[in-house]
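Notes follow once the structure below has been shown.
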Amino acid sequence: MAFPTWAVAGFWGLVSGSALLVGAALGYFAKVPQRLIAAVMAFGSGVLISTLSLELMEEAYRKGGLPATALGFVGGAAAYTLANWMLARYGAKHRKRSGEHQNQERTAVQQGETSGNESGDDNGLALAIGALLDGIPESIVIGLSMLAGGAVSMVAVVAIFLSNLPEGLSSAAGMKKAGRSARYVFLLWAGIALISGVSSLVGYTLFSGFSDEVVAATMAVSAGAVLAMIADTMIPEAFETAHNFTGLITVVGFLVSFFLSKMD
Numbered sequence: 083m084a085f086p087t088w089a090v091a092g093f094w095g096l097v098s099g100s101a102l103l104v105g106a107a108l109g110y111f112a113k114v115p116q117r118l119i120a121a122v123m124a125f126g127s128g129v130l131i132s133t134l135s136l137e138l139m140e141e142a143y144r145k146g147g148l149p150a151t152a153l154g155f156v157g158g159a160a161a162y163t164l165a166n167w168m169l170a171r172y173g174a175k176h177r178k179r180s181g182e183h184q185n186q187e188r189t190a191v192q193q194g195e196t197s198g199n200e201s202g203d204d205n206g207l208a209l210a211i212g213a214l215l216d217g218i219p220e221s222i223v224i225g226l227s228m229l230a231g232g233a234v235s236m237v238a239v240v241a242i243f244l245s246n247l248p249e250g251l252s253s254a255a256g257m258k259k260a261g262r263s264a265r266y267v268f269l270l271w272a273g274i275a276l277i278s279g280v281s282s283l284v285g286y287t288l289f290s291g292f293s294d295e296v297v298a299a300t301m302a303v304s305a306g307a308v309l310a311m312i313a314d315t316m317i318p319e320a321f322e323t324a325h326n327f328t329g330l331i332t333v334v335g336f337l338v339s340f341f342l343s344k345m346d
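83 is the number of the first residue of the sequence shown in our numbering; add one for each residue after it.
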């Protein structure tokens with residue numbers, strides 16, 4: 083039985099997003115060592131960086147040329163950076179940190195010490211929006227990868243799955259230390275996993291009728307946003323604990339993704 087291509091896109095987006103829920107369960111219920119969390123985060127960063135360069139940017143350049151690709155890439159990074167800066171004002175700067183950062187940030191929000199909050203506020207909504215901000219560009223990529231020939235890029239799916247796992251793990255560990263309930267954590271990540279599937283579906287259906295230049299620019303926007311996210315949130319968390327080993331572990335992640343791209 084053949085499934086519609088849009089349904090396949092949504093399915094693989096859901097699969098990649100489910101890693102957030104798996105990681106959240108590990109981070110919330112298991113006592114995962116901080117060094118292991120940092121190592122997995124660095125590995126996931128390398129996987130994503132490789133996917134951005136070998137899959138997204140190459141395909142964007144092939145479809146739309148340098149101007150559309152460059153404009154989209156810088157625009158995506160700028161849009162993410164601006165949104166991330168706004169969220170930081172409301173207490174979501176450390177949403178991916180596994181240590182005490184989230185606890186300290188939540189306390190600061192509740193005491194009205196952050197610029198966007200008053201005393202008695204909480205940062206739950208900001209954390210949820212931040213999770214969406216991080217997850218949607220990755221998922222759209224999966225849908226866009228199917229526009230070339232109707233088949234999903236398994237390299238992109240595996241790469242995003244491998245990067246989502248440490249994101250959910252690290253963030254859930256930090257949320258637990260900040261006093262978040264299991265109900266809050268798992269409803270949040272289950273919702274993001276579901277939205278990941280919808281985003282992938284939209285990435286395919288919405289852009290299937292657009293020109294190559296528009297698709298290329300959209301791919302580049304997603305790539306720029308994801309790379310900015312890696313630099314702003316994932317690498318700092320990895321370096322916090324792994325220190326001098328962060329670069330080496332990130333390189334290994336890059337190499338694994340590179341190997342998968344050649345297998346594909």
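Here a beta-carbon is modelled for each residue, glycine too, at the ideal position from N, C-alpha and C.
Buried or exposed, going by whether 16 or more other CB atoms sit within 10 Å of the CB of residue i?
{"i": "ARG265", "result": "exposed"}
{"i": "TRP167", "result": "exposed"}
{"i": "LYS145", "result": "buried"}
{"i": "GLU182", "result": "exposed"}
{"i": "HIS176", "result": "buried"}
{"i": "LEU288", "result": "exposed"}
{"i": "PHE341", "result": "exposed"}
{"i": "PHE125", "result": "buried"}
{"i": "MET311", "result": "buried"}
{"i": "PHE347", "result": "The chain is shown from 83 up to 346; residue 347 falls before or after that span and cannot be answered."}
{"i": "PHE336", "result": "buried"}
{"i": "GLU200", "result": "exposed"}
{"i": "SER100", "result": "buried"}
{"i": "LYS38", "result": "Any question about residue 38 goes unanswered here, given that the chain covers just 83 to 346."}
{"i": "ALA254", "result": "buried"}
{"i": "LEU205", "result": "In the sequence under discussion, the amino acid at residue 205 is Asn, which differs from the Leu named in the question. The residue in question, ASN205, is buried, as its Cβ has 16 or more Cβ neighbours within 10 Å."}
{"i": "SER197", "result": "exposed"}
{"i": "ALA170", "result": "buried"}
{"i": "GLY291", "result": "exposed"}
{"i": "LEU164", "result": "exposed"}
{"i": "GLY92", "result": "buried"}
{"i": "ALA298", "result": "buried"}
{"i": "GLY154", "result": "buried"}
Going by alpha carbons, who is nearest to residue i out of the options?
{"i": "ALA112", "options": "THR332, SER252, THR87, PHE341", "result": "SER252"}
{"i": "VAL338", "options": "LEU136, GLY92, PHE85", "result": "LEU136"}
{"i": "ILE274", "options": "ALA170, LYS258, LEU209", "result": "LEU209"}
{"i": "ALA160", "options": "ARG171, ALA307, VAL280", "result": "ALA307"}
{"i": "TYR127", "options": "PHE341, ALA313, GLY95", "result": "The sequence given here has Ser at residue 127, not Tyr. Closest by alpha carbon: ALA313."}
{"i": "GLU319", "options": "ALA89, PRO248, THR189", "result": "PRO248"}
{"i": "GLU187", "options": "LYS259, GLY158, PHE268", "result": "LYS259"}
{"i": "THR300", "options": "PRO149, TRP88, PHE85, SER100", "result": "PRO149"}
{"i": "VAL156", "options": "ARG262, TYR172, ARG171, MET139", "result": "MET139"}
{"i": "ARG117", "options": "THR323, VAL334, MET228", "result": "THR323"}
{"i": "TYR162", "options": "ILE331, THR332, ALA302, VAL333", "result": "ALA302"}
{"i": "ASN185", "options": "VAL90, GLY92, ALA241, ARG262", "result": "ARG262"}
{"i": "VAL333", "options": "ALA121, GLY194, PHE93", "result": "ALA121"}
{"i": "LYS178", "options": "THR151, PHE327, ALA305, ASN246", "result": "ASN246"}
{"i": "THR151", "options": "GLN192, GLU295, GLY217", "result": "GLU295"}
{"i": "SER304", "options": "GLY158, THR87, SER132", "result": "GLY158"}
{"i": "LEU130", "options": "SER290, TRP271, VAL239", "result": "VAL239"}
Starting from residue i, trace the alpha helix (DSSP H) both ways and give me its first and last residue.
{"i": "VAL334", "result": "328-345"}
{"i": "ALA165", "result": "140-171"}
{"i": "GLY225", "result": "206-227"}
{"i": "ASN185", "result": "183-192"}
{"i": "GLU200", "result": "That residue, GLU200, is in no alpha helix (DSSP H); it is neither H nor E in DSSP."}
{"i": "THR323", "result": "317-324"}
Checklist entry - Which full runs of the beta strand (DSSP E) of 3+ residues lie inside the segment 232-301, going along the chain? => result Contiguous beta strand (DSSP E) elements confined to the segment 232-301 do not occur, taking only those with 3 or more residues.
Item to check | Runs of alpha helix (DSSP H) wholly within the segment 86-140 (minimum 4 residues, chain order) | outcome: DSSP runs (the alpha helix (DSSP H)) wholly in the segment 86-140: 87-111, 116-133.
Checklist entry - Can at least three beta-carbon pairs, one atom from the segment 105-122 and one from the segment 206-222, be found at a separation below 8 angstroms? => result The segment 105-122 is not in contact with the segment 206-222.
Checklist entry - Are there three or more Cβ pairs, one per stretch, closer than 8 angstroms when the segment 267-285 is compared with the segment 218-225? => result Output reads yes: the segment 218-225 touches the segment 267-285.
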